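When the letters of the sequence shown are read in order and numbered with the UniProt record's numbering, they come out as residues 1 to 555. Ideal Cβ placement from N, Cα and C applies to all residues, glycine included. Bear in mind that the values here come from a model prediction, so they are computed numbers and not experimental data.
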Amino acid sequence: MRRYLSEPFDGSDRYATERYEGAAGRNWWACDPTLRLLMLRHLGDGYAWAEPHLDRLGALMGGLVAECAEETDRNPPRLEKYDKWGRDVSEVVMPPSFLTARQALMESNFTAPSFAEEARAHGADPSALAAAWTYLLDQADIGMGCALGTGGDMVVSLAEKYAPEDVREKVREIFANGFYSGEAAQMFTERTGGSDLAALETVAVPSGDAWSLSGLKWFASNANGSAFVVLARLPEGEVAPFLVVWERRDGTRNGVRIRRLKDKLGTRSVASAEVEFTAAEAFLLAGSGPGAGSGLGTMMKLTNASRLGVAMMGLGVARRALVESICYARAREAFGRPLIEQPLMRRKLAELIVEVEAAQAMVFDAHVSPRLRLAPALTKLRAARLGVTTATDAIEVHGGNGYIEQWPVARLLRDAQVNPIWEGGDNILCLDVRRAMLKEQAHLPFLDRLRSLATSGLVGARIDDLAKAIEAWHALDRGVAEERLYPLAQFMADVYAAALLEDQARWGLDDGRKALVARSYAEAHLVDHGPLRGLDRPAENPQRFDDLLSGAFTG
């Protein structure tokens, strides 16, 4: 029985609301041919074993997890600052919808050590399956992705290397379900900002075989976690990472206070807070003495992995926005026919399909292939921004409905806005590209990888052009070189994505459709369209759009 009243003016087919089915309620594995292609490639003989798991995961993400994400956005976490006696308890109370989704995700956790072991036993690459898991989750709720994944690998890796044995054992207990269990938080940002470590004010002083840490962190996500990596200044002035947990070794409450939760634009399912440390017991996650090694250096390497996580979030938002746009354009009619039949709408959707698949190629390559030093910065630079622009386009496709919170795409845009900020904005990413090229000659293996993917034709020529551009950049004055980092990084990302798509076209897994995607991307990003801006090109074959669409979304 329907729950709404009939109205005298709703007899038109335009009001047949049952036609307006978006992404929620669908199986996101079954309706995504691009993800199936990636898994066929990266799982090999393990695909047959993994496919039923992926199918169940797709139903979970498109069903319960997507539903809970909307509810959590409307009813976000709250802070219980004091108990009934006025004592500071700083307890973050998570809404039931969040807890329900997290429980379901932990029961189907592709990142758990036990699942990874089972995958290996069946010939399936655990890193590819973990990438698929986060990709599907981020389509539902990047806030949940942040809550589950923030800094877990960093906490465990640094604790195993530097913490006392009893503390290591505590960390092992906390992360028994793996890195992606929602138990970690990284606390770097202060009121002076997150990137300028020279301005950091939190301090730590020795206290027996531990340290006493005091200071204020201005923006700490997943404040309801159990183990924190906190940046603080040593007495001699250097900055180092420390481990802080809620209880001291003696079982008493540690000096950790949550001042307030942030009232954020989006990602409301992750509890972000201002956290104050008052003589908190902490453990140095770095060596001591000459040549002992820097925990900060290790942490920065792990930050690159976090950047790939944020890039995946940008991709997840972009994919969800694309699916919502396709679904709405199929159902919505204007000027006597569905939007998806209108030439300008077909152009927009074709562009979105190609851009999302290009970012997908970058993100998955960075997750499952041998790590390139430049890949995290370039991939985040492209994918995080794409999440924002694709969500914006989805709102435009929906028209006025897209601007309304009852429809799904308004939240996508609110959530997507944080991705260019998390783990470094565009300028910080460009500075990291510079650092990697100047200090590590990271452009050399990057160019070698590109040449292994595409050696001829337009993309091959642009790889040669990129090598010349990098050489010319090295000869610039330092100030001018910094100004021109952004266009250089964009050029790198363009060629990287184009080479990956050309390589995918040679896999032979999709009847030649990826060749169409690769060609479309190269034409958009690598071709000089001349003074007429491509207006003199031959008309598009209508079949092009149908082929792009059929290989991007089914259902």
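Item, Value
"Inter-residue spacing [alpha-carbon to alpha-carbon] between W49 and S306", "29 Å"
"First and last residue of the uninterrupted alpha helix (DSSP H) at E117", "113-121"
"C-beta atoms of Y82 and L315 nearer than 8 Å", "no"
"6 Å CB neighbourhood of A147 in its chain, flanking five on each side removed", "G182, N222, V270"
"Cα-Cα separation, R56 to A104", "12 Å"
"Test item: CB-CB of F277 and G215 under 8 Å", "yes"
"Short Cβ contact (8 Å threshold) for L226 with I174", "Position check: residue 226 holds Ser in this sequence, whereas Leu was assumed. Cβ atoms of S226 and I174: closer than 8 Å."
"Cut-off 8 Å between Cβ atoms - residues of its own chain near E405, not counting five sequence neighbours on either side", "R411"
"Any non-hydrogen atom of the ligand GDP within 7 Å of A394 CB", "In terms of ligand content, the structure shown is empty, and the ligand GDP therefore cannot be addressed."
"Any 3 or more C-beta pairs closer than 8 Å across the segment 119-132 and the segment 35-49", "yes"
"Cβ-based neighbour list, T100, same chain, cut-off 6 Å, excluding 5 preceding and 5 following", "C68"
"Which of helix, strand or coil DSSP assigns to V270", "coil"
"Extent of the continuous beta strand (DSSP E) to which P206 belongs", "203-207"
"Beta-carbon contacts of Y162 that lie in its chain and below 7 Å, excluding the five residues immediately before and after", "L284, L285, A286, G287, G295"
"A461 burial status per 10 Å Cβ neighbour count (16 or more: buried)", "exposed"
"Rounded distance between the beta-carbons of R248 and residue 594, thought under 8 Å", "No answer is possible for residue 594: the residues shown for the chain start at 1 and end at 555."
"Whether A210 touches A282 by CB criterion (8 Å)", "yes"
"Opposing strand residues paired with V239 [DSSP bridges]", "R233"
"Alpha carbon of F364 to alpha carbon of A469, nearest angstrom", "26 Å"
"Cutoff 6 Å; reference A416; Cβ partners in own chain excluding five residues on either side", "V317, G387, V388, A391"
"Those residues which DSSP pairs with L216 across a bridge", "E276"
"Validate contact between the segment 476-491 and the segment 439-457 using beta carbons, cut 8 Å, 3 pairs", "no"
"Euclidean distance between Cα positions of Q186 and G457", "45 Å"
"Residue ranges of each alpha helix (DSSP H) within the segment 364-414, 4 or longer", "375-398"
"Member of N27, V397, P113 whose CA lies at the smallest distance from the CA of D153", "P113"
"N254 classed as buried or exposed, judged by whether at least 16 other C-beta atoms fall within 10 angstroms", "buried"
"Ranges of the alpha helix (DSSP H) found wholly within the segment 53-95, counting only runs of at least 4", "66-74"
"R484, DSSP secondary structure in three states", "coil"
"Rounded straight-line distance, which links the Cα of A377 to that of D432", "7 Å"
"Environment of K170 [buried if 16+ CB atoms lie within 10 Å]", "buried"
"Nearest-angstrom Cβ-Cβ length linking V354 and A524, presumed shorter than 8 Å", "7 Å"
"Neighbourhood of G149 by C-beta distance below 6 Å, restricted to the same chain and skipping five residues each side", "Y180, G309"
"Cβ-Cβ separation, W85 to L54 (assumed contact under 8 Å), whole Å", "At roughly 50 Å, the Cβ-Cβ gap does not stay under 8 Å, so L54 and W85 are not in contact."
"Meets three-Cβ-pair contact criterion under 8 Å: the segment 514-522 and the segment 343-361", "yes"
"Boundaries (first-last residue) of the alpha helix (DSSP H) holding Q543", "542-550"
"Residue burial classification, F242 (beta-carbon count within 10 angstroms, cutoff 16)", "buried"
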